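Protein chains in written order, with my numbering: chain A, 1 to 295; chain B, 10001 to 11000.
Shown next, in structure tokens, is the structure this report addresses.
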Amino acid sequence: MSTEETKELYQEYRVEEYLPTEEPFYVAAADEIKIFEAAYQQRIPVLLKGPTGCGKTRFLEYMAHRLGQSLITVKTTPKGGDQHPLPLVTIACHEDLTGTDLVGRYLLKGGETAWIDGPLARAAKVGAICYLDEIVEARKDTTVIIHPLTDHRRILPVEKKGEVIRAHDNFLLVLSYNPGYQSALKDLKQSTRQRFIAIEFDYLPRDLEKKVIAHEGATSEEIASDLAVLGEKMRHLKEYGLQEGASTRLLIYTAKLIESGISPRRACQVAVVWALSDDPEVQQSLEETVSAIFK
Amino acid sequence: MKMEFAELEKELEHFSKKVAEHFRASTKLLKKRLPPEEVSQWAEVGMDMARNCYKSWDAVSEYFKATPQVLDHLDFAKLISWADSGRKLCQDDASLATAYFKSSPQTLSYLPTENLTEWAKLGQSLYQGDWKSTALAVKFFSDSPKLIRWLSLDELKQFTRLVNSLARQQHYDMANELIDSAKGVLPGIAAEDRKQFIALGTAIANIGSKDIWAYIKCCPQALSQVSSGLRGRFLTLTEQMIKLKPEDATDFFADGAEALGKVKHELHAEVLQRFEELMKKSLPAAIEFLKSSPVVLRRINSKDLGEWFEAGVRILGRNEDEGIAYFQLKSDRGEAILDQLAPGADLASFKEILHRYCKALTGKDVEIVPEDETLEETISWTQAERLSPEGTIVYLPSHVKRYPTKEENFAWLKVIVTQQAGHLEFGSQEFTFDKPSQFFDDMRPHLPEPSKEEEEEEEEPLTDLERFFRSFQDIKLAKAIFNVVEDARIDHILKQEYKGLSDTYQQIQRDELKLRRPLHLLRFREALVWLLIDLTLEKLEDILVPEEGAPFFKSAAPILGKVLSTKATVEDSAEATIRLYSIVNKAPNLIFPPEAWQVTETATGEKKTKKTVTPVPEPSIENLEVKGEEGPSEDRETREVEITLKDVADGKIPLGLIYTVYYEPEEMEATDAEGWDAPPTEEPEQVYYYDEWDYAAGAYRPNWCTIKERTLEESAEDFVQKTNKENPLLVEQIKSQFQVLELGHLKKIKKLPDGEGLDLDDAIQAIVDRKSGATPDEKIYWRKQKVERDVCVALLLDMSASTAEPVDMSELKLGAVLPPGMMPKRIIDVAKESISLLIGALETIGDKYGIYGFSSYGREHINFSIIKEIDESFSPKVGKRIDQISPLHATRMGPAIRHATAKLEAKDAKNRILFLISDGRPRDLEYGKGHADKEYAMHDTKMAFTEAARKGIAPFCLTVDKEGHDYMRDMMSSDMGYEVVDDIKLLPERLPQLYRRLSI
């Protein structure tokens, strides 16, 4: 990988870039908002568990915005202007994510070397919520790096520079993971787990999910309601031919397709049935369910 | 003259009073019809018999007795000739004459008089002088009326000849049976076919006595299965079969007839015609066709039979074996064609889809099971109780052919499943007695409890629903009403919830209701319950109801209407049941004639008067409080009868509603299936079925081979231990070889951003880049990563009889196995030793391994012995099992390979190896055509290996057959490994080496 590419990679993680200015749409399933607020007040790291596409990331966006708003009222913005009081730094974890990727590294610039902070270091410095998405995907040695940030020390050692970054007061670490599909090998280490409180997410009950689909998919109550029913049915099939049930995200996509003039059955076929399974028999079971619900 | 007769009578009295009596009676009659001289001539014949024949008085008595009736058919000359024939018989044996005379009057109603003598002679021909033949002849005469009624003289002669030929071979029992059989068969076949029946019998008799027995036995039953006009044709075919393939003829006769019996009669002609057509091409195929025809015709429409048949003929033209398999319904291609033609939906092919569909709808694991006869019929448009009481099983017909297309038939299945699943999804089984309903004033709390005495007797507490039902006097009626109401509620919700299905749903409901018994045949109360279903489908005005019953029906409508809401619960159904029960129970329980059934309301609707408002005509009910309630139903004029609790308390209600009757629950026993799962006392022998590759047909023969798997028993001696003790050197050698493997090898991974050390090449390159002004790559580190062994191997040992051959002792070489004593060592012993040594090696490196052996005796008996399962850990048990390995039977490799493949497939490992150790080529009974079709066996084995390879399993075959090279090349594809060990004694050494090479 050349340096230019590396640069681009970093640009994607620029903390200043992510500014949720409008309040993200979020429908609470239970008291998760209250809990998260309390955790943030105490700066307790949070682990979000739940199946794919059930709204974990959306929840965090919403919380970042909400907490940011409250920060504005409490403190004045240091510089004023566009700077968001509580940025959200999202890091998608993958197998090759190393500690260096998170903390920072020396880059060669001509004959000189220059230190570039990793996203975790930046989040800690500016006082953002740092969101490590799908944390179990990252290598185990990588996850250990976050440990000092998650206890009373709230520091990030930068080994290569021989420095330590003290986290900003507003900084909070949030992890997400989906306990379902990862294999036992990829479970979180206890030493990591026990540094977080956990909020469990699941797909919303039919009535609430209907609201979400109607809002996000900009579709009618009726279609949203049918899609919510379909989602519920598909989720029954988890472990019965499907690894995961249909996510709210997929249902929203379906709603959008229907709104664009695709017939409901066809939209369900491409957005739900074919997205969920490759097995023709399973597909037929799904399609029978679709055709029962949609005309 | 008179004197003369008196004397004769006196003389006869000496013999027997009965004779004299018959004589007197007949004489009296005859005198009126014959001149006196003729009468005396007639009498003389009788006297002659009585005087000259031994023990003849019974015969004489019958003679006298029969004469008046016989005389109706015969003139005097013939009468005398008839009597003479009898006299001759009497000289042979009196019992013959007795039977002859006795059956004469009846026989003569069918027999032309001129044939009378012939008939007597035929009977006589059966008589051989001993008691057996006498009995047979007597039987012939006695049964003659029943035979002669159907047979001409010629036919009778033929038949008698057949009987006689059996008798001559001393098969008297068969001969007797044949006569009985003929009596049964003859009335059922056309005149022109009778000759055929006899001719066939004769033909069969010629091929062997055993067959005629089967023929005689099954004939009446068999022929009754065949359409009456075609019985002769069927007999002719059988006769042709005898000529072509005598040994199968009687089987054909019985099986063919049975098969036809399962086909609609109007199709028999077509089936037989096609059979004849096919017979010319291939007899076995034709027979298979006949046998399969009922199955085929059940699946496809008769109009498509031709197409299916022609396809088969085409395949037959190309390859006979494949054609036979086609008509046997054992070829994939045939199955595909059949499936394509079949309009019906086979449950088997949709079972999984429906199972998942059901799971999707309900979230519950509901099994889909083919229904059997035990399904309880209920009042429901689905006709039967299809959901098991626990709600875990839905019973469906194994084949649905209600509609002309497959799609429609599947839709039927889907609707039925949806309906049953609906009960689970919308809480039919979650009835709680005390939970309030949504739309009714609850009456349930005021229903009396079942008495305590009863409850004490109950071992299990009642379900809430059971408790509810027991509050009714007529529990059956209450259940029926509840089911209908609950069905209606569920149907309504489903049609709302599953809009995509609602039209089909409604249509199928209507179609199903058309199949029920006409309501006018039912008693009105039952009919009324049925009518409730109609209410959910049709407008009230369109439903036919007898005038007398209309008020009940109309008062029921609004109650049912309340339940038809998506918000209604099962408790509402229960409340509705209480109210409907009282209405139904008051309705007249009569059968109304069909003409009484009419539309409830005239179109004007003006007649909706008090007459209908007063719903229950019984006087005692007039005291009831009648609340005007408007149900959601269309008919707003109709008012509901609401029985208040006050009425109950006041004893005003003679409804039979509130009674507690001791009641033995019927369903309880059925669910109590204890002892069902009791483990069988014997070690369970697992049976598996595998397809076999027919290279000639180019298709698999489905489920052709039966693998019988069992764990080998343990002997006293641990063979592994023994081998290790005997070969210490070799053991040590093998161990050291494998220890190298055990360390695993480390793989150096380069170009890492950090790691154990700098990679010199990359580092230099980076420096060069920097000096030259280019951006250097910073990934210059390397790291060593351990690559873990992940090997799983199945060792498959050929245990066929050929492995019992001794290994030549004279050629023993150094370094090979040390001979353990004086016993000549057999191939199997060497193989066992090799495996024992290999176990040591495998244990050292920790690979997962299973050891299996196989031998076979035809496709039905393939023994698959487990010596060590892959997951089982090594123990002395394994050694003891190895000791038990002994040669047996033949080598059907294909299925054994497939089974071992299946075992490996279930294991998760990076490298999976199937290691076959054999001593020769595959060979088994009927492994292909005949016993020695080498090609077939080889192709099947090759295909089995290929299948394994496709599944990501590496097959390897090791053979100790010196000629192995000849066929191994063909049997294994080029990318598969094999090794021929020419010197069997080297095997213990070679095997571990080979394995080592293979698994790296």
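C-beta: ideal position from N, C-alpha, C; glycine also.
None of the values given here were measured: they were computed from a predicted structure.
Query: Reference glycine 11001 of chain B, options B:Ser10349, B:Ser10282, B:Ala10325 and B:Leu10338, closest by Cα; Result: The structure shown does not extend to residue 11001 of chain B, since chain B spans only 10001 to 11000, so no value can be given for it.
Query: CB contact check: aspartate 151 of chain A to chain B, cutoff 9 Å; Result: no
Query: Residue(s) in a DSSP beta bridge with glycine 10757 of chain B; Result: B:Trp10782
Query: Distance between tryptophan 10693 of chain B and glycine 10879 of chain B (C-alpha atoms, nearest Å); Result: 35 Å
Query: Beta carbon of glutamate 10726 of chain B nearer than 9 Å to that of glutamine 10884 of chain B; Result: no
Query: For tryptophan 10057 of chain B, the three-state DSSP class (helix, strand or coil); Result: helix
Query: Cα-Cα separation between phenylalanine 10915 of chain B and arginine 10996 of chain B, rounded to whole angstroms; Result: 12 Å
Query: Histidine 236 of chain A, buried or exposed, once every other Cβ within 10 Å from all chains shown has been counted against 16; Result: buried
Query: Own chain residues within Cβ distance below 6 Å of glycine 10422 of chain B, not counting five before or after; Result: Ile10490 and Leu10494
Query: Stretch-stretch touch, CB-based, cutoff 8 Å, three pairs: the segment 197-208 of chain A with the segment 142-157 of chain A; Result: no
Query: As assigned by DSSP and simplified to three states, the class of glutamine 10196 of chain B; Result: helix
Query: 8 Å contact criterion, which phenylalanine 10297 of chain B and leucine 10267 of chain B should meet: CB distance rounded; Result: Checking the displayed sequence, the identity of residue 10297 of chain B turns out to be leucine instead of phenylalanine. About 6 Å separates the two Cβ atoms, so the contact holds.
Query: Start-to-end residues for the beta strand (DSSP E) that takes in glutamate 163 of chain A; Result: 163-166
Query: Three-way DSSP call (helix, strand, coil) for tyrosine 9998 of chain B in this model; Result: The first residue shown for chain B is 10001 and the last is 11000, placing residue 9998 of chain B beyond what the model contains.
Query: Interface residues of the segment 10396-10408 of chain B facing chain A [CB-CB below 9 Å]; Result: none
Query: Of the residues A:Cys54, A:Ala138 and A:Val144, the one placed nearest glutamine 190 of chain A, counting alpha carbons only; Result: A:Val144
Query: Candidates B:Glu10367, B:Asp10321, B:Asp10193 and B:Ala10568: closest to serine 10428 of chain B by CA position; Result: B:Ala10568
Query: Touching by the beta-carbon criterion (3+ pairs, under 8 Å), the segment 10894-10905 of chain B and the segment 10827-10834 of chain B; Result: no
Query: Euclidean distance between Cα positions of asparagine 10206 of chain B and threonine 10117 of chain B; Result: 29 Å
Query: Rounded separation between glutamate 10709 of chain B and leucine 10162 of chain B - CA only; Result: 52 Å
Query: Contact list for histidine 94 of chain A against chain E, beta-carbon separation under 8 Å; Result: This model lacks chain E altogether; the protein chains it does include are A and B.
Query: Supposed close pair proline 10343 of chain B, lysine 10406 of chain B - CB separation, criterion 8 Å; Result: 5 Å
Query: contact_flag[the segment 10187-10196 of chain B, the segment 10223-10236 of chain B] where n(CB pairs < 8 Å) is 3 or more; Result: yes
Query: Residues in the segment 232-249 of chain A having any Cβ partner in chain B nearer than 7 Å; Result: Lys233, Met234, His236, Leu237, Tyr240 and Gly241
Query: Beta-bridge partners of serine 176 of chain A, as assigned by DSSP; Result: A:Leu48
Query: Rounded C-alpha distance that separates isoleucine 10707 of chain B from threonine 10901 of chain B; Result: 13 Å
Query: Closest by C-alpha distance to aspartate 10434 of chain B, when choosing among B:Phe10426, B:Arg10444, B:Asp10983 and B:Glu10425; Result: B:Arg10444
Query: CB contact below 9 Å: threonine 10569 of chain B versus chain A; Result: no
Query: Endpoints, alpha helix (DSSP H) assigned at serine 10104 of chain B; Result: 10094-10108
Query: Span of the alpha helix (DSSP H), counted from its first residue to its last, around leucine 10540 of chain B; Result: Segment: none, leucine 10540 of chain B is in no alpha helix (DSSP H) and carries neither H nor E.
Query: Nearest residue (CA-CA) to phenylalanine 10440 of chain B, options B:Met10968, B:Val10791, B:Glu10571 and B:Trp10082; Result: B:Glu10571
Query: Backbone CA spacing between glycine 10853 of chain B and methionine 10799 of chain B [nearest angstrom]; Result: 6 Å
Query: Length-filtered (4 minimum) alpha helix (DSSP H) runs lying within the segment 222-266 of chain A; Result: 248-259
Query: Helix, strand or coil at glycine 10846 of chain B according to DSSP, with G and I counted as helix; Result: coil
Query: Range of the contiguous beta strand (DSSP E) that encloses alanine 114 of chain A; Result: 112-117
Query: Cβ of alanine 214 of chain A within 9 Å of any chain B Cβ; Result: no
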